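These protein sequences, in sequence, are chains A and B. Numbering-wise, the numbering used here puts 282 at position 268 of the first sequence, and it's gapless, one number per residue. Numbering-wise, the numbering used here puts 143 at position 149 of the second sequence, and it's gapless, one number per residue. Accompanying notes for the structure given below.
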Amino acid sequence: MLQRVARSIRLKLALVVLATTLAALLVAGVALVIFDLRDYRQAGLSDLVTQAEILGRASAPALAFDDPKVAREYLLLLKAKPEIASAAIYNARGKPFATYARDGNASPVLPRLPGASGSRIEGDHFVLFLRVEENNEILGTVYLKSDYNWLARLTDYLGIFAIVTALSLLVALLVSAWLLTTLTKPILDTAAVAREVMERRDFSLRAARTTEDEMGSLVDAFNDMLAEIGRRAEELEATNRSLEREMAERRQGDEERARLNAELEQRVTDRTAQLEAANKELEGFSYSVSHDLRAPLRAVVGFSKLLIEDHGRQFDAEARRKLEVIQSEGARMGQLIDELLAFSRLGRKTMQMNELDMTELAQTTFAGLNGHYEGARPDFYLGVLPRAKGDRVLVGQVWANLLSNAMKFSSKRPSPRIEVSAISDEREHVYYVRDNGAGFDPRYRTKLFGVFQRLHSSSEFPGTGVGLALVERIVVRHGGRVWADGKPDEGATFYFTLPKEQVHE
Amino acid sequence: MSLATRSIRPLRRLLLIAAAGMLAGAAGWPGGSAWAQEDAAQLEVRVKAAFLYKFISYIDWPAASFAKPDTPVTIGVVGADPLAAELAQAVAGRTANDRPVTVRRMKAGESLDGVHILFVGKGESARLAQLAPAAQQRSILTVTESDGALAQGSVINFVVAERRVRFEIALDSAEKSRLRLSSRLLAVAQQVRTGP
Chain A
15 MLQRVARSIR LKLALVVLAT TLAALLVAGV ALVIFDLRDY RQAGLSDLVT
65 QAEILGRASA PALAFDDPKV AREYLLLLKA KPEIASAAIY NARGKPFATY
115 ARDGNASPVL PRLPGASGSR IEGDHFVLFL RVEENNEILG TVYLKSDYNW
165 LARLTDYLGI FAIVTALSLL VALLVSAWLL TTLTKPILDT AAVAREVMER
215 RDFSLRAART TEDEMGSLVD AFNDMLAEIG RRAEELEATN RSLEREMAER
265 RQGDEERARL NAELEQRVTD RTAQLEAANK ELEGFSYSVS HDLRAPLRAV
315 VGFSKLLIED HGRQFDAEAR RKLEVIQSEG ARMGQLIDEL LAFSRLGRKT
365 MQMNELDMTE LAQTTFAGLN GHYEGARPDF YLGVLPRAKG DRVLVGQVWA
415 NLLSNAMKFS SKRPSPRIEV SAISDEREHV YYVRDNGAGF DPRYRTKLFG
465 VFQRLHSSSE FPGTGVGLAL VERIVVRHGG RVWADGKPDE GATFYFTLPK
515 EQVHE
Chain B
-5 MSLATRSIRP LRRLLLIAAA GMLAGAAGWP GGSAWAQEDA AQLEVRVKAA
45 FLYKFISYID WPAASFAKPD TPVTIGVVGA DPLAAELAQA VAGRTANDRP
95 VTVRRMKAGE SLDGVHILFV GKGESARLAQ LAPAAQQRSI LTVTESDGAL
145 AQGSVINFVV AERRVRFEIA LDSAEKSRLR LSSRLLAVAQ QVRTGP
């Protein structure tokens, strides 16, 4: 039932009508009953007073002339008032003078003595005493006792009220049923149209406008809304179509791009392979060149040495000096060729990975370098370095190159100083070598690690220009990076990293 | 108090008193019925006196009967001295129709001027035929206590029925006297005569 009420506007409205009717009836009924009971009580009392006054006035002569028969006749007139239960007239001495009882009882139960003038309610009776006076003389007292059946009256009222309520509700129901039909029909019609629109997706349908009231304007609004929705739907479809077209185009574009990408990747792979091949070729070439250069060089150096040893005396000092220059330059070229060989060999050599005690390695390397170093001995500060995995020979080469660089470039300082330490993060160890040497112009920091790239002339600081390129190559093969910081005359710091997890080649 | 008297039981004392009473009655002790008769006559007089006074309230006299608003209502009494005495005592200090009430004992030949109610006692009923027309002329309410008095021109006549004082009224006489009697008075009258 509740569900049905919740789903039907007709039932709801009918309930509203019935509830309103019932509420109005209840309020009116209660007010009426209260008013009537009050009125009944007041009217009853005032009736009784009137009755008693008439009776008193009429029976005054009977009292005055001591004629109870006449008084009794007057009392008997009360038969016309069936609500009066009993009545009496007392004489001036307070003795019953004449009595009356509704049920014909000759001696009804009466108060033994008359009370003071006045009326009151005793249980379900009105009781009244009224003095009969004439010429300021009390002749006697009228006593009346009348029914006060408020409960019976209330019951009667409630019965009538129930019948009236039932009839009113019935009429209200019929009227509201008729009214609601006219009221809800447009709603239901509109709802039907709405459902049809939903089912057929036909926005050209329109609800019929049958009334000029708010329902009419609702129907109008509904129709306007339908028109608007129809227009929007069309627009949306148009947009959808253009979007689909756009999507198709885009998909086509994507495919094109993917194809181009694949092509590009293929080209890169091809190019890389070509490059690697070229590189290999180049390495092989430079190795063989370097290797083949050594034999003639050795001949140049050896023969210039023989020339000094065997024919030294035949040369003057100037000639001897020039021969020595040939010798030393030849030796330097030999060194250059060695380093070039080492560098190119690095690309081919397989690495032997071991766990390395970097502190020990740096210390040993430094001690070895320091042992046959001719310049100023630098102060060497070595921190505790984390262990790392790497090829002992190659990493030792890194330390040797970096430390010898540091010693070389700080050798002209009054108190050369070299500091080696490391920091770590979760991925890698960063080792660095800091000196207080000649430093470099930071603009050229990227050029530092190229082969034969030199920032200082070899007359200023001897060197081949291969060392740092070798360092970079070794570190990169270990999966690390190298870089440098520095300023002219303020020293330089060289960093290299080794990963915590060893990369596998 | 002796021991013998003290020993008498309450019941026996009661019996003794009853016996003494019976003896006294048998011996004709003055009391009993003789007193009762005396009392009834006196009561009748008193009731009649009271009625006379009460009649005033139910009677309308012509305006000319009273000279001033506070002119007393005068009740003339002829031939009934005990009643006159009783009446004088009853009306002393009382008013009727907002007027004081006076009682006048009247002798034969005395003028009826200023009298509003004339009571003619049994003893003077012979003079009624003579008094009634004069009273009617002066709008005096004639009250009597003799059988057949109404026929002689009296307006109200006391009768005793069932040991109660009642009265009968002659409306025709009242009309002749230009007196209006309240219908409420007529209601308690034993009999109302409207014509001869």
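In this text, a Cβ means the ideal position worked out from N, Cα and C, and glycines have one as well. Model, not experiment: these values are computed from the prediction.
Margin query: Please report the distance separating the alpha-carbon of E118 of chain B from that of A128 of chain B.
Written below: As a working note, residue 118 of chain B is residue 124 in the second sequence. As a working note, residue 128 of chain B is residue 134 in the second sequence. Whole-angstrom Cα-Cα distance: 15 angstroms.
Check: With 16 as the cutoff for other CB atoms within 10 Å, does G26 of chain B come out buried or exposed?
Finding: Residue numbering aside, residue 26 of chain B sits at position 32 when the second sequence is read from its first letter. Bear in mind that a pLDDT of 43 at G26 of chain B, under 50, signals an unreliable position, so the model cannot answer this.
Checklist line | Per DSSP, the bridge partner or partners of I135 of chain A | finding: What you label residue 135 of chain A is simply residue 121 of the first sequence in a count that begins at 1. Looking at the DSSP assignment, I135 of chain A forms a beta bridge with A:F140.
Notebook entry, point to check: Does DSSP classify G404 of chain A as helix, strand or coil?
Noted result: As a position in the first sequence, residue 404 of chain A is number 390, starting the count at 1. Strand, per DSSP.
Next item on the list: Would you mind working out which of B:A181, B:L180, B:F113 sits nearest S148 of chain B, comparing C-alpha positions?
Entry: For the purposes of this step, residue 148 of chain B is taken as residue 154 along the second sequence, with counting starting at 1. Comparing Cα positions, the closest option is B:F113.
Next item on the list: Within its chain, find whatever has a CB closer than 8 angstroms to the CB of K116 of chain B; leave out the 5 residues flanking it on each side and keep chain order.
Entry: The count along the second sequence starts at 1 and reaches residue 116 of chain B at position 122. Cβ neighbours of K116 of chain B beyond the five flanking positions: G73, A74, E139, S140.
Check: Residues of chain B with CB under 7 angstroms from P75 of chain A, in chain order?
Finding: Walking along the first sequence from the start, residue 75 of chain A turns up at place 61. In chain order: Y52, R178, L179, A181, V182.
Notebook entry, point to check: From which residue to which residue does the beta strand (DSSP E) around K159 of chain A run?
Noted result: Reading the first sequence from its first residue, position 145 is the one you call residue 159 of chain A. Element bounds for K159 of chain A: 151 to 161.
Next item on the list: Could you list which residues in chain A have their beta carbon closer than 9 angstroms to that of T89 of chain B, in chain order?
Entry: Translated into positions along the second sequence, residue 89 of chain B becomes position 95. Those within 9 angstroms of T89 of chain B in chain A are N149, N150.
Note to self: Relative to the C-alpha of L370 of chain A, which candidate in A:K83, A:H492, A:A208 has its C-alpha closest?
What the structure shows: Stepping through the first sequence from its first residue, residue 370 of chain A is reached at position 356. Nearest option by C-alpha distance: A:H492.
Note to self: Between A:A376, A:V489, A:V412, which has its C-alpha nearest V398 of chain A's C-alpha?
What the structure shows: Along the first sequence, read from residue 1 onward, the residue named residue 398 of chain A stands at position 384. Among A:A376, A:V489, A:V412, the Cα nearest to that of V398 of chain A belongs to A:A376.
Check: Using the beta-carbon count (16 or more within 10 Å), is H110 of chain B buried or exposed?
Finding: In the second sequence, residue 110 of chain B corresponds to position 116, counting from 1. That one is buried.
Notebook entry, point to check: List, in order along the chain, the chain A residues whose C-beta lies closer than 7 angstroms to that of F45 of chain B?
Noted result: Walking along the second sequence from the start, residue 45 of chain B turns up at place 51. By Cβ distance, chain A contributes F79.
Notebook entry, point to check: Whose CA, out of A:E258, A:L257, A:A252, A:L197, lies closest to the CA of E228 of chain A?
Noted result: Along the first sequence, one-based indexing puts residue 228 of chain A at 214. For E228 of chain A, the closest of A:E258, A:L257, A:A252, A:L197 by C-alpha to C-alpha distance is A:L197.
Item checked: Cβ pair count under 8 angstroms reaching 3, the region 53 to 66 of chain A against the region 77 to 88 of chain A -> Not touching, per the Cβ criterion.
Check: Where do the ends of the alpha helix (DSSP H) carrying E104 of chain B lie?
Finding: Position 110 of the second sequence holds residue 104 of chain B. No alpha helix (DSSP H) holds E104 of chain B; DSSP gives it neither H nor E.
Item checked: Cβ-based neighbour list, Q280 of chain A, same chain, cut-off 7 angstroms, excluding 5 preceding and 5 following -> Here residue 280 of chain A refers to the residue found at position 266 when the first sequence is read from its first residue. Excluding sequence neighbours, Q280 of chain A sits near nothing in its chain.
Notebook entry, point to check: Mapping DSSP to helix, strand and coil, what is S100 of chain A?
Noted result: Stepping through the first sequence from its first residue, residue 100 of chain A is reached at position 86. In the structure shown, S100 of chain A sits in a strand (DSSP, three-state: E or B).
Check: For R145 of chain A and chain B, any beta-carbon pair shorter than 9 angstroms?
Finding: Counting from one through the first sequence, the residue named residue 145 of chain A turns up at place 131. Output row for R145 of chain A: interface = no.
Notebook entry, point to check: So, does the CB of A37 of chain A fall closer than 9 angstroms to a CB anywhere in chain B?
Noted result: Here residue 37 of chain A refers to the residue found at position 23 of the first sequence. So no, A37 of chain A is outside the interface.
Check: Considering only residues of the region 108 to 173 of chain B, which uninterrupted beta strand (DSSP E) runs meet the minimum length of 3 residues and lie entirely inside it, listed in chain order?
Finding: 111 to 114, 135 to 138, 150 to 155, 158 to 164
Margin query: Short of 6 angstroms in beta carbon distance, which residues of its chain neighbour M16 of chain B, apart from the five on each side in sequence? Order them along the chain.
Written below: The residue you call residue 16 of chain B lines up with position 22 of the second sequence. Any reading at M16 of chain B is ruled out, since the residue's pLDDT is 42, under 50, leaving its predicted position unreliable.
Item checked: Within 9 angstroms of chain A by C-beta, residues of the region 91 to 105 of chain B in sequence order -> N91, D92
Note to self: For the pair the region 394 to 414 of chain A and the region 326 to 344 of chain A, tell me if three or more CB-CB distances fall below 8 angstroms.
What the structure shows: no
Margin query: Taking 9 angstroms as the threshold (beta carbon to beta carbon), is R158 of chain B in contact with chain A?
Written below: One-based indexing of the second sequence puts residue 158 of chain B at position 164. Judged by the 9 angstroms Cβ criterion, R158 of chain B is in contact with chain A.
Item checked: Cross-chain neighbours of V84 of chain A in chain B, by beta carbon under 8 angstroms -> By one-based count along the first sequence, residue 84 of chain A stands at place 70. Going along chain B in sequence order, the residues near V84 of chain A (Cβ under 8 angstroms) are A181, V182.
Item checked: Residue-chain proximity (V137 of chain B, chain A), Cβ-Cβ < 9 angstroms -> Stepping through the second sequence from its first residue, residue 137 of chain B is reached at position 143. No, its Cβ sits nowhere closer than 9 angstroms to a Cβ of chain A.
Next item on the list: With a 10 Å radius around its C-beta and 16 neighbouring C-beta atoms as the bar for buried, classify E213 of chain A as buried or exposed.
Entry: For the purposes of this step, residue 213 of chain A is taken as residue 199 along the first sequence, with counting starting at 1. Label assigned to E213 of chain A: exposed.
Item checked: Contact with chain A by L173 of chain B, beta-carbon distance below 9 angstroms -> Along the second sequence, read from residue 1 onward, the residue named residue 173 of chain B stands at position 179. By this cut-off, L173 of chain B is not an interface position.
Next item on the list: Taking 8 angstroms as the threshold, find out whether the region 178 to 195 of chain A comes into contact with the region 131 to 149 of chain A through three or more Cβ pairs.
Entry: no
Item checked: Spatial distance of R448 of chain A from T511 of chain A (CA atoms) -> Sequence index remark: in the first sequence, residue 448 of chain A carries index 434 (1-based). Sequence index remark: in the first sequence, residue 511 of chain A carries index 497 (1-based). Roughly 15 angstroms separates the two Cα atoms.
Checklist line | C-alpha gap between R246 of chain A and A252 of chain A, whole angstroms | finding: Indexing the first sequence from 1 puts residue 246 of chain A at position 232. Indexing the first sequence from 1 puts residue 252 of chain A at position 238. If I take the Cα positions, the gap works out to 10 angstroms.
Item checked: Span of the alpha helix (DSSP H), counted from its first residue to its last, around W164 of chain A -> Your numbering for residue 164 of chain A matches position 150 in the first sequence. Unbroken alpha helix (DSSP H) run through W164 of chain A: 164 to 214.
Margin query: Mapping the DSSP letters down to three states, classify S22 of chain A as helix, strand or coil.
Written below: Looking up residue 22 of chain A in the first sequence gives position 8. In this structure, DSSP gives S22 of chain A a state outside helix and strand, which the three-state scheme calls coil.
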